Structures are given as structure tokens and as C-alpha cells.
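Asker:
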Amino acid sequence: MSHVSAVPAADEDATAPGLRPTGVLPQAVSSVRDMRRLWWYTAGGLIVFAVWIAVFLAVVLVHPSRAGLPIGAVTVALLLACLGGQGALIRRHRRLEEEQTPGLRLVTATLVPALAVAGLPLLRPVFSGWPVLSSWLTVCLLSTVVVPRWRSPVLTFGAATTAAIAAIAVLRDPAGPQDSALGLAIWWVMIPLVVLPSVWFWRIALRLEQARGQAAELAVLGERLRFAADLHDVQGHHLQVVALHAELAERLLEAGDPDRAAAALAQVRGQAAEALGETRALVSDLRRVSLAQEIDNARAVLEAAGSRVRVDLEGEATRLGETAERVLGLAVREATTNVLRHARAGRVDLRLEADGPDQSRLSVVNDGAPGRVSEDSALDAGVGVGTGLAALAERAEAAGGSLRTGPGAGGGFSVQVTVPRAGREGGRP
Numbered sequence: 001m002s003h004v005s006a007v008p009a010a011d012e013d014a015t016a017p018g019l020r021p022t023g024v025l026p027q028a029v030s031s032v033r034d035m036r037r038l039w040w041y042t043a044g045g046l047i048v049f050a051v052w053i054a055v056f057l058a059v060v061l062v063h064p065s066r067a068g069l070p071i072g073a074v075t076v077a078l079l080l081a082c083l084g085g086q087g088a089l090i091r092r093h094r095r096l097e098e099e100q101t102p103g104l105r106l107v108t109a110t111l112v113p114a115l116a117v118a119g120l121p122l123l124r125p126v127f128s129g130w131p132v133l134s135s136w137l138t139v140c141l142l143s144t145v146v147v148p149r150w151r152s153p154v155l156t157f158g159a160a161t162t163a164a165i166a167a168i169a170v171l172r173d174p175a176g177p178q179d180s181a182l183g184l185a186i187w188w189v190m191i192p193l194v195v196l197p198s199v200w201f202w203r204i205a206l207r208l209e210q211a212r213g214q215a216a217e218l219a220v221l222g223e224r225l226r227f228a229a230d231l232h233d234v235q236g237h238h239l240q241v242v243a244l245h246a247e248l249a250e251r252l253l254e255a256g257d258p259d260r261a262a263a264a265l266a267q268v269r270g271q272a273a274e275a276l277g278e279t280r281a282l283v284s285d286l287r288r289v290s291l292a293q294e295i296d297n298a299r300a301v302l303e304a305a306g307s308r309v310r311v312d313l314e315g316e317a318t319r320l321g322e323t324a325e326r327v328l329g330l331a332v333r334e335a336t337t338n339v340l341r342h343a344r345a346g347r348v349d350l351r352l353e354a355d356g357p358d359q360s361r362l363s364v365v366n367d368g369a370p371g372r373v374s375e376d377s378a379l380d381a382g383v384g385v386g387t388g389l390a391a392l393a394e395r396a397e398a399a400g401g402s403l404r405t406g407p408g409a410g411g412g413f414s415v416q417v418t419v420p421r422a423g424r425e426g427g428r429p
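Throughout the sequence shown, residue numbering follows UniProt numbering, covering 1 to 429 in sequence.
Structure, rendered in C-alpha cells:
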């Protein structure tokens, strides 16, 4: 599938301020911002949940039946158990590749406080099984950062160990198991139901973002392959014929037949001129442009870059002559390139509608920043006159139509091209 043309144009110089190299899709800024926001929601939510559990456990242990406990020291220990290494683990998970595992120091810093607190009920039965919840929280979080084949074993081992310690502690509780068994069971089930889906949702969002980046790369690769195929089609045949006739002319000269050699050289000159003309046609878009294909390409490349695209085509407006179709196809291409290079668009609306009995109007509106560089910056970047939107305006006028650009009705930037459906032949292609 082809996409927005990767043929360099003067107004698309990679050195121009605020521009990107041709054939390179921009990263969707709004998408990156959303991913960062989602990340901090996930990480912040888990940290708040851990602190809340630590405070809840401290409040539970203040119960009169557990009088005499050093509540200050216990609270600090619970906080360390719930938060020990958690921030580092979450940060590590953000960068974690599927086949990597957390470092030994990171795991040690996480597990030591949790294991120490988990052992408190065995040393002093008055704790009951409540401190084990902090250890179970750490185990759940640790299971999210190991390689996939270790996730189930880590969860299974952690669940069995913490459940066994909690059961022993509850049975040894001086206040009796009825005081804490039900509450412990509820919390023991709720912790993984909060932690695991949160991290799973983040992982899915991250993979979707990576897939979108790969789709954008494939779009660029497809365009490069298309251009390479077009260039091969134009040059391959002509160069082969030139080589054959040049060899023939050489042999004819050696054989003393200058007339036939001159005819062969004339063939060489003709093939070279034809190849030059077709190459110029390839670069300057003289080849036939399909409006439907350009719209499909624009939708694909804009969606790959993170924009939502809506296309609305009126039946009568799509009945176009060759010139009108070429101009509108180039308008779609130029407007799409404008969005990719100069705008941060979350939404792009493309509409083709009738404008009177014999004209069609194409509108491309994005909700991002203005879609054109200023005249000063264009001159500084070496942008020549008659390129980009200026060249599009010339093509539209040559076809008997017009180009209008400016702010969209709801903000952003709008490109509107109106042309007669029959077109005006003989204008600039």
C-alpha cells in the first residue's frame, strides 16, 4: 500500500525549522502525553493503595486486644513492607523487556522488608495474620515484573506461603480466629484483584502503543518500497535498452558501418530523453493520481500517526474528470503531509462535497496547530516559491478552481480546494 509521497520537495527540507525528514512519520505527541498520564495513574494508584493498606493495618493493630504493641515501630515496618522497592519495581516494569528479570538488589530490597514483617505473627501471636497482607502485596507486584513463565509460579508460591503463615497466625491469635479470619480472607483476595489488573491494563496499553509505532514504520517502509518500484519501472527498461543500443553502436563502428551505428546512437538518445521525461514525471507527480487511493493512503498514514480520521464522500462530487481528480488527489496528499509535519492533530475530517452543479469541494480540517510554516521560516529554510500549498494553489487555478487555507471552524487548520468536475485541460499538472 502506498502512502504520502516520500519524494523530497523543497518545502520539506529536513533542515527546516520544525520539519521532519521526508518519509519519517512523527510521533503522536498527544499519544505520548496520554501514555505518560496513564502510566502515572497506574503507578500512583498502586502506591496510594500500598500506603492505604499499611495505614489500615496499623489501625487494626491498635485494637485494645493488642495493647502493648509498639504501634509506631509497627507502622514504620508496615510502610517499609508495602513500599519497599515498590517504586523501583514499578519504574523497572515501565522499561522492562519481556525476556528480562529484575536485578538481584532490586528483588532483595523488595523482599527483605516484606519477609521480615511476614514473620512478625510467628514471633508474636498477638499480631494475628494482618502483617502478612503487606507481604502478599509485594509478591503480587513482584509477579508483574518477572518473565511470563515465572509469573504463575511466583504467584502460586507467594499465595501458598502467605496463606499458610496467615492461617497459622489466625489460629494462634489470643482473641480467636473469629476476630480476624474473615477480614484477612477478604483483603487477601482483594489485593491481587487490584494490583494485577492495573499492571495488566498498563501492559496492554503499552503494547498497543508499540503496535501503532510499528504500523507507522510499516507505512514509511511501504512508501519507500512503492517509490523504489516506481523508479525501477521507469529506469530499468530504459537503461537496459540504452545499454543494448550503445553496445550495438560500438560493434557497428568497429565493423565500419557508421550509418547503422548512428541509428543505434539515435535510439540511445531517444531512450535517454524518454527516461528523463518519465523520471521528471515521477518526481513532479505528473503520473495519474487516484483520488480514492490517496484518500485511503491518507487515512492509513494519519491513523498510524495517532489521529482519528473521518471521511465523508458525496456521490455526485466523486464523478470527476482526470484533471480534477489529479488536483484533488494532490490536495489530499499535501494536506496530509501538512498535518504530519506541522500539526499535532488528534482528529482529521476529510469531506468531498458538491459545490454548485458542476464543481466539487474538498475540505481537510484538523484540530491541531496551524498547518503551514511562516513565510520567514520558509525563506530561512530555503523553501522556494511555488512549492507546497503555493504549488497546490497554482494547480487548482490552472484547473479552473481555487485553494483556501486558514483556521478551521472549531480551531486547528483547514485546507479547501474547489475545482470544476470536468477540469480545465492543459493547465499545470
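Note that the Cβ used here is the ideal one computed from N, Cα and C, for glycine as well.
Computed from a predicted model, the values in this text were never measured in an experiment.
Is it a yes or a no for the region 355 to 364 touching the region 415 to 422, going by three-plus beta-carbon pairs under 8 Å?
Answerer: With three or more CB-CB distances shorter than 8 Å, the region 355 to 364 counts as touching the region 415 to 422.
Asker: Are the Cβ atoms of W188 and L133 separated by less than 8 Å?
Answerer: The residue labelled residue 188 in the question sits at position 188 within the sequence shown. The residue labelled residue 133 in the question sits at position 133 within the sequence shown. It is a contact, given that the beta carbons lie within the stated cut-off.
Asker: So, A275 versus V332, is the Cβ gap smaller than 8 Å?
Answerer: As a working note, residue 275 is residue 275 in the sequence shown. As a working note, residue 332 is residue 332 in the sequence shown. Their beta carbons are not under 8 Å apart, which means A275 does not touch V332 by this criterion.
Asker: Three-state secondary structure (DSSP) at V147?
Answerer: For the purposes of this step, residue 147 is taken as residue 147 along the sequence shown, with counting starting at 1. Reduced to three states, the DSSP call for V147 is coil.
Asker: According to DSSP, simplified to helix, strand and coil, what is L320?
Answerer: If you number the sequence shown from 1, residue 320 lands on position 320. In the structure shown, L320 sits in coil (DSSP, three-state: anything other than H, G, I, E or B).
Asker: Measure the beta-carbon distance from T42 to S198 and round it to whole angstroms, keeping in mind my assumption that it falls under 8 Å.
Answerer: Taking the sequence shown and counting its residues from 1, one reaches residue 42 at position 42. Taking the sequence shown and counting its residues from 1, one reaches residue 198 at position 198. Contact flag correct, Cβ pair sits at about 5 Å.
Asker: Report all residues from its chain with a CB closer than 7 Å to the CB of R136; omit the five preceding and five following residues, and keep chain order.
Answerer: In the sequence shown, counting from the first residue as 1, residue 136 sits at position 136. First, the residue type needs correcting, since residue 136 is Trp and not Arg in the sequence shown. Cβ neighbours of W136 beyond the five flanking positions: G158, T162, W188 and I191.
Asker: Take Q267 as the anchor and find which of Q240, L111 and A292 has the nearest alpha-carbon.
Answerer: If you number the sequence shown from 1, residue 267 lands on position 267. Checking every option, the nearest Cα to that of Q267 belongs to Q240.
Asker: Let me check understanding here. Comparing Cα to Cα, which of S360, R308 and L330 lies closest to E316?
Answerer: Stepping through the sequence shown from its first residue, residue 316 is reached at position 316. Cα-wise, what sits closest to E316 is S360.
Asker: Tell me the DSSP secondary structure of R351 in three-state form.
Answerer: Within the sequence shown, residue 351 is the residue found at index 351, counting from 1. R351: strand per DSSP, three-state reduction.
Asker: Between which two residues does the beta strand (DSSP E) carrying R308 extend?
Answerer: As a working mapping, residue 308 is identified with position 308 in the sequence shown. That run of the beta strand (DSSP E) goes R308 to L313.
Asker: Looking at the secondary structure, which residues open and close the alpha helix (DSSP H) in which P357 lies?
Answerer: Residue numbering aside, residue 357 sits at position 357 when the sequence shown is read from its first letter. Per DSSP, P357 belongs to no alpha helix (DSSP H) and is neither H nor E.
Asker: By Cβ distance below 6 Å, which residues in the same chain neighbour residue 484 in space, the five residues on each side in sequence not counted?
Answerer: The chain is shown from 1 up to 429; residue 484 falls before or after that span and cannot be answered.
Asker: Can the beta-carbon of G388 be found closer than 8 Å to that of E334?
Answerer: Here residue 388 is taken as the residue at index 388 of the sequence shown, counted from 1. Here residue 334 is taken as the residue at index 334 of the sequence shown, counted from 1. Against a cut-off of 8 Å, the Cβ pair of E334 and G388 comes out as a contact.
Asker: When the Cα atoms are used, what is the spatial distance from I204 to V195?
Answerer: The residue given as residue 204 occupies position 204 in the sequence shown. The residue given as residue 195 occupies position 195 in the sequence shown. Taking the CA atoms as reference points, I204 sits about 15 Å from V195.
Asker: Could you give the C-beta distance for V117 and P131, rounded to a whole number, given that I count them as a contact under 8 Å?
Answerer: Here residue 117 corresponds to residue number 117 of the sequence shown, with the count starting at 1. Here residue 131 corresponds to residue number 131 of the sequence shown, with the count starting at 1. In this structure, V117 and P131 form a Cβ contact; the two beta carbons are roughly 5 Å apart against a cut-off of 8 Å.
Asker: Going by DSSP in three states, G406 sits in which element: helix, strand or coil?
Answerer: Numbered from its first residue, the sequence shown carries residue 406 at position 406. In the structure shown, G406 sits in a strand (DSSP, three-state: E or B).
Asker: For the beta strand (DSSP E) holding P420, just list the boundary residues, first then last.
Answerer: The residue labelled residue 420 in the question sits at position 420 within the sequence shown. Note, P420: beta strand (DSSP E), F413 to P420.
Asker: So, G412 versus N366, is the Cβ gap smaller than 8 Å?
Answerer: The residue given as residue 412 occupies position 412 in the sequence shown. The residue given as residue 366 occupies position 366 in the sequence shown. Yes, the pair counts as a contact, with Cβ atoms nearer than the cut-off.
Asker: The ligand COA and S128: does any heavy atom of the ligand fall closer than 7 Å to the residue's C-beta?
Answerer: As for the ligand COA, it is missing from this structure, which has no ligand bound.
Asker: Which residue comes first and which comes last in the alpha helix (DSSP H) that contains P258?
Answerer: Here residue 258 refers to the residue found at position 258 of the sequence shown. That run of the alpha helix (DSSP H) goes P258 to V283.
Asker: Given a threshold of 16 other Cβ atoms within 10 Å of its Cβ, counted over all protein chains shown, does residue 460 qualify as buried or as exposed?
Answerer: In the structure as shown, the chain begins at 1 and stops at 429. Residue 460 is therefore absent and cannot be evaluated.
Asker: Terminal residues of the continuous alpha helix (DSSP H) containing A345?
Answerer: Start at 1 with the first residue of the sequence shown, and residue 345 comes out as number 345. Here A345 belongs to no alpha helix (DSSP H), and DSSP marks it neither H nor E.
Asker: Kindly list the residues whose CB is nearer than 7 Å to the CB of A264, restricted to its own chain and excluding five residues on each side of it in sequence; keep chain order.
Answerer: Mapped onto the sequence shown, residue 264 falls at position 264. Here the set comprises H245, L248, A249 and L252.
Asker: If you draw a straight line from the alpha carbon of L328 to that of R36, how long is it in whole angstroms?
Answerer: Counted from its first residue, the sequence shown places residue 328 at position 328. Counted from its first residue, the sequence shown places residue 36 at position 36. Straight through space, the alpha carbons of R36 and L328 are spaced by roughly 38 Å.
Asker: By alpha-carbon positions, which one of P153, D230, A160 and L142 ends up nearest to A200?
Answerer: In the sequence shown, residue 200 corresponds to position 200, counting from 1. Inspection of the sequence shows that residue 200 is occupied by Trp rather than by Ala. The shortest Cα separation from W200 among P153, D230, A160 and L142 belongs to L142.
Asker: Would you call the CB atoms of S402 and A396 closer than 8 Å?
Answerer: Your numbering for residue 402 matches position 402 in the sequence shown. Your numbering for residue 396 matches position 396 in the sequence shown. Yes; because the gap between Cβ atoms is below 8 Å, this pair is in contact.
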